[in-house]
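Q: Just so you know, the sequences run in chain order A and B.
According to this note's numbering, the stretch in the first sequence is residues 2 to 232, in order.
According to this note's numbering, the stretch in the second sequence is residues 240 to 491, in order.
Virtual Cβ for every residue (Gly too), placed ideally from N, Cα, C.
This is the structure I have questions about; it appears just below.
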Amino acid sequence: MNCEQYQDLLSEYVDGALASDAQYSVETHLGVCAGCTEARNDLNALVDFCLDHRGEYDAVPNERALWLRISNMIEVGSASSAPAVIPENAGWWFRLMNRSWRLSFPQLAAATVVLIVLSMVAVMGARNLNLIGSGVQQAGFVPLLGSTSVKDRYRQQQQVIAYWNERVELNKARWNPQMRETFDKNLSVIDAAVNESMQQLTQNPHDEVSEEILNAALNDKAELLKEFATL
Amino acid sequence: MNFHFLATRNRVSFAALPALFLVFVTVNSALAQQRVSRHYPAGKNVRIELKNLSGTITVETWPRDEIRITATMEAPAVHFNPRQTDAGLVIDIVGDNRDRRDVGDVNFKIQVPSRSSVDLETRSGQISVSNIQGDLVRAHVWTSGDITLSGVNAARVFASNTTGNIFFDGEFASGGTYEFKSGQGTITLRLPASCGFRLVATAPAKKISMGQFWNDGMKWAGEGRRIIGDVGDGRASVTVTNYQGDIKFMRR
């Protein structure tokens, strides 16, 4: 067997679920292979962390945004073998997203855990400091939304929108004028729906119709930006 | 004598210039467009998936167990590679031309058996579907473009755009799901009187007209921005959302 095949067995090895002959084979290989030993150590650390902190965490509040970020990182990392050309004036986010990432499964899993912990810390911190609405917002509006879930959802959606918007802005210069005009016109239609429902929610924070429209319009905006970000 | 002859010839040439220019423009335009037509065998319940960049999409039915795709392309360099799958046919202009710049309009005319399902998507341009009786009709325009669905009798219908009108003239099947959504434009649903459905229609602009489908069991909600209620047996589920435009129901 080669290293890749041994690393496929590591998860079961760490769980003690391998047959005795396979376990002996893996142990023998680990004795001579530094790379697989490192992968085993990473996996052990991950399993230990999860066991030590079992039951301490609730469900991640911005699960969708978190997975989107993770999948984006993977996508950006594997989209092209050639290094991306990064403009000199590109922002740190763009530079970060255009780096190549080559992660083993244990490293990826560890990164996932770290991201979960970081996002929970960020959410808890924001709640404690009452910073709702201080992130990326529609210009000119300070959302005074009703329930915490609406505020959280709004902030999560705005994070997703900000990410895709940055990618769209980088590509936009290459579009033909007609496409730019069409895109801007349609984005303004969705923005108008967002702004209108936010105004309604400012006046009546428990307005269900406005809440639903806001949610739908923000989703539409994120989807539109994502669709055009690949152009 | 010779001078006179030359002058006459020049006058003739100058007079012919506009006509020659017209011929040149016409020929050039025809050469710039490429028309491709392909046939594929199909069962009665075939599914067509089309993802276009821009241009019109027209789907019609015909009494043959085969699919005919006719694509008129503005830019001859557009890649056009329909793929046959177990379920039917997939045409992905977006994927086939991902690294290309300035891909022009591709106008599709698709002829399919009436029991087909169609899943159509374009970044901009009109979508027109007529007489489809299959399981699914989905028409999505990411930005601007009207959607016209006429003679449609499918179990699931989804039509959405950001700017443009949506017109549906068809029937709602018992237990079916129907969703219509626009950012700006008029959504018109033309239905037979016997239609039964459970409706949630939302228009923040407060422009919802139920016409003859209004009944006492229906309720206004959200200060006139939403109507909820059953029409007839209420067995189909109908959701209509329009951010800025009107929603109209018409009886056939």
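Please compile the residues from chain A whose C-beta is within a distance smaller than 9 Å of the C-beta of residue 460(B).
A: Here the question's residue 460(B) lines up with position 221 in the second sequence. What residue 460(B) touches in chain A: 209 and 210.
Q: Is the CB of residue 195(A) under 7 Å away from at least one CB in chain B?
A: Against the first sequence, residue 195(A) aligns to sequence position 194. It does not: the Cβ of residue 195(A) has no partner Cβ on chain B nearer than 7 Å.
Q: Listed from N- to C-terminal order along the chain, which residues in the segment 411-428 of chain B have their beta-carbon within a distance smaller than 7 Å of any beta-carbon of chain A?
A: Of all residues in the segment 411-428 of chain B, 422 and 423 have a Cβ within less than 7 Å of some Cβ in chain A.
Q: Which residues in chain A sit within 9 Å of residue 480(B), going by Cβ to Cβ distance?
A: By one-based count along the second sequence, residue 480(B) stands at place 241. What residue 480(B) touches in chain A: 213, 214 and 217.
Q: Any heavy atom of the ligand HEM inside 6 Å of the beta-carbon of residue 358(B)?
A: Among the components of this structure there are no ligands whatsoever, and the ligand HEM is therefore not found.
Q: Just verifying my parser: in three-state terms, what is the DSSP assignment at residue 312(B)?
A: Walking along the second sequence from the start, residue 312(B) turns up at place 73. Of the three classes helix, strand and coil, the one that applies to residue 312(B) here is strand, per DSSP.
Q: Mind reading off the beta-carbon distance from residue 363(B) to residue 476(B)? Whole number of angstroms is fine, and I expect it under 8 Å.
A: For the purposes of this step, residue 363(B) is identified with residue 124 of the second sequence, where counting begins at 1. For the purposes of this step, residue 476(B) is identified with residue 237 of the second sequence, where counting begins at 1. Not confirmed; about 29 Å, so no contact.
Q: Could you name the residues of chain A that residue 341(B) contacts, counting a contact when the two beta carbons are closer than 7 Å?
A: Against the second sequence, residue 341(B) aligns to sequence position 102. Ordered by position in chain A, the residues that pass the 7 Å Cβ test against residue 341(B) are 177.
Q: What residue from 399(B), 435(B), 275(B) and 317(B) has the CA that sits closest to residue 336(B)'s CA?
A: Residue 336(B) sits at position 97 when you count from the first residue of the second sequence. Measuring from the Cα of residue 336(B), the nearest candidate turns out to be 317(B).
Q: Using a cut-off of 7 Å between C-beta atoms, extract the partners of residue 363(B) located in chain A.
A: The residue you call residue 363(B) lines up with position 124 of the second sequence. Residues of chain A passing the Cβ test: 183.
Q: Would you mind reading off the limits of the beta strand (DSSP E) that contains residue 14(A)?
A: Taking the first residue of the first sequence as 1, we reach residue 14(A) at position 13. Segment 4-16 is the alpha helix (DSSP H) holding residue 14(A); no beta strand (DSSP E) there.
Q: Mapping DSSP to helix, strand and coil, what is residue 319(B)?
A: The sequence position of residue 319(B) within the second sequence is 80, counting from 1. Reduced to three states, the DSSP call for residue 319(B) is coil.
Q: Thinking just about the alpha-carbon of each residue, which of 296(B), 327(B) and 447(B) is nearest to the one in residue 460(B)?
A: Counting from one through the second sequence, the residue named residue 460(B) turns up at place 221. Cα-wise, what sits closest to residue 460(B) is 447(B).
Q: Look at the alpha carbon of residue 508(B) and the alpha carbon of residue 288(B), and state the distance between them as a whole number of angstroms.
A: Nothing can be reported for residue 508(B), as the shown portion of chain B is limited to 240 through 491.
Q: In angstroms with no decimal places, state the Cα-to-Cα distance between residue 171(A) and residue 181(A).
A: Taking the first sequence and counting its residues from 1, one reaches residue 171(A) at position 170. Taking the first sequence and counting its residues from 1, one reaches residue 181(A) at position 180. The straight-line gap from Cα to Cα measures roughly 13 Å.
Q: Taking DSSP as the reference, what is the three-state secondary structure of residue 165(A)?
A: The residue given as residue 165(A) occupies position 164 in the first sequence. Three-state DSSP puts residue 165(A) in a helix.
Q: Cutting at 6 Å between CB atoms, please list the residues of its own chain near residue 452(B), excluding the five before and the five after it.
A: Within the second sequence, numbered from 1, the residue matching residue 452(B) stands at position 213. Hits under 6 Å: 470 and 488.
Q: If you measure beta-carbon to beta-carbon, which residues of the segment 218-232 of chain A are closer than 9 Å to chain B?
A: Residues 218, 221, 224, 225, 228, 229, 231 and 232.
Q: Take residue 468(B) and list the residues in its own chain whose beta-carbon comes closer than 8 Å to its own, dropping the five residues that flank it on each side.
A: To locate residue 468(B), count along the second sequence from 1; it is residue 229. 437, 438, 454, 456, 457 and 458.
Q: Return the residues of the segment 362-387 of chain B that lie within a Cβ-Cβ distance of less than 9 Å from chain A, sorted by chain order.
A: Result list: 362, 363, 381, 382 and 383.
Q: Less than 7 Å separating the beta-carbons of residue 394(B) and residue 408(B)?
A: As a first step, residue 394(B) is located in the second sequence; it is residue number 155 there, counting from the start. As a first step, residue 408(B) is located in the second sequence; it is residue number 169 there, counting from the start. Their beta carbons are not under 7 Å apart, which means residue 394(B) does not touch residue 408(B) by this criterion.
Q: Contact between the segment 324-338 of chain B and the segment 365-380 of chain B: three or more CB pairs below 8 Å?
A: Counting Cβ pairs under 8 Å, fewer than three are found: no touch.
Q: Grouping DSSP H, G and I as helix and E and B as strand, with all else coil, what is residue 489(B)?
A: Position 250 of the second sequence, counting from 1, holds the residue named residue 489(B). Note: residue 489(B) maps to strand in three-state DSSP.
Q: Report yes if the CB atom of residue 391(B) is closer than 7 Å to the CB atom of residue 298(B), and no otherwise.
A: The count along the second sequence starts at 1 and reaches residue 391(B) at position 152. The count along the second sequence starts at 1 and reaches residue 298(B) at position 59. No.
Q: Establish whether the CB of residue 191(A) and some CB of chain B are separated by less than 7 Å.
A: Position 190 of the first sequence, counted from the start, is the residue given in the question as residue 191(A). True, the Cβ-Cβ gap to chain B drops below 7 Å.
Q: Closer than 7 Å, CB to CB, is residue 187(A) near chain B or not?
A: In the first sequence, residue 187(A) corresponds to position 186, counting from 1. With 7 Å as the cut-off, residue 187(A) counts as an interface residue toward chain B.
Q: Between the C-alpha atoms of residue 306(B) and residue 354(B), what's the straight-line distance to the nearest angstrom?
A: Mapped onto the second sequence, residue 306(B) falls at position 67. Mapped onto the second sequence, residue 354(B) falls at position 115. Distance between the alpha carbons of residue 306(B) and residue 354(B): 12 Å.
Q: Alpha carbon to alpha carbon, what distance is there between residue 38(A) and residue 162(A)?
A: By 1-based counting over the first sequence, the position of residue 162(A) is 161. By 1-based counting over the first sequence, the position of residue 38(A) is 37. Computed Cα separation, rounded: 41 Å.
Q: Assuming contact is defined by CB atoms lying nearer than 7 Å, are residue 190(A) and residue 424(B) in contact in what I supplied?
A: Indexing the first sequence from 1 puts residue 190(A) at position 189. Indexing the second sequence from 1 puts residue 424(B) at position 185. No.
Q: Label residue 419(B) either buried or exposed according to how many other C-beta atoms from any shown protein chain fall within 10 Å of its C-beta, with 16 as the threshold for buried.
A: By one-based count along the second sequence, residue 419(B) stands at place 180. Buried: at least 16 other Cβ atoms inside 10 Å.
Q: How is residue 400(B) classed by DSSP in three states: helix, strand or coil?
A: Indexing the second sequence from 1 puts residue 400(B) at position 161. Residue 400(B): strand per DSSP, three-state reduction.
Q: Would you say residue 431(B) reaches chain A, if we count a Cβ-Cβ gap shorter than 7 Å as a contact?
A: Residue numbering aside, residue 431(B) sits at position 192 when the second sequence is read from its first letter. No, residue 431(B) lies away from the interface with chain A (no Cβ there is under 7 Å from its Cβ).
Q: Could you please give the first and the last residue of the uninterrupted alpha helix (DSSP H) stretch that includes residue 192(A)?
A: On the first sequence, position 191 is the one that residue 192(A) refers to. That run of the alpha helix (DSSP H) goes 178-204.
Q: Is residue 211(A) buried or exposed, if buried means 16 or more other CB atoms sit within 10 Å of its CB?
A: Counting from 1 along the first sequence, the entry for residue 211(A) is found at position 210. The residue is buried, with at least 16 neighbouring Cβ atoms inside 10 Å.
Q: Closer than 7 Å, Cβ to Cβ, to anything on chain A: give me those residues from the segment 396-412 of chain B, in chain order.
A: Listed by position along the chain: 401 and 402.
Q: Alpha carbons only, please: which of 338(B), 343(B) and 399(B) is nearest the one belonging to residue 367(B)?
A: By 1-based counting over the second sequence, the position of residue 367(B) is 128. For residue 367(B), the nearest C-alpha among the options comes from 399(B).
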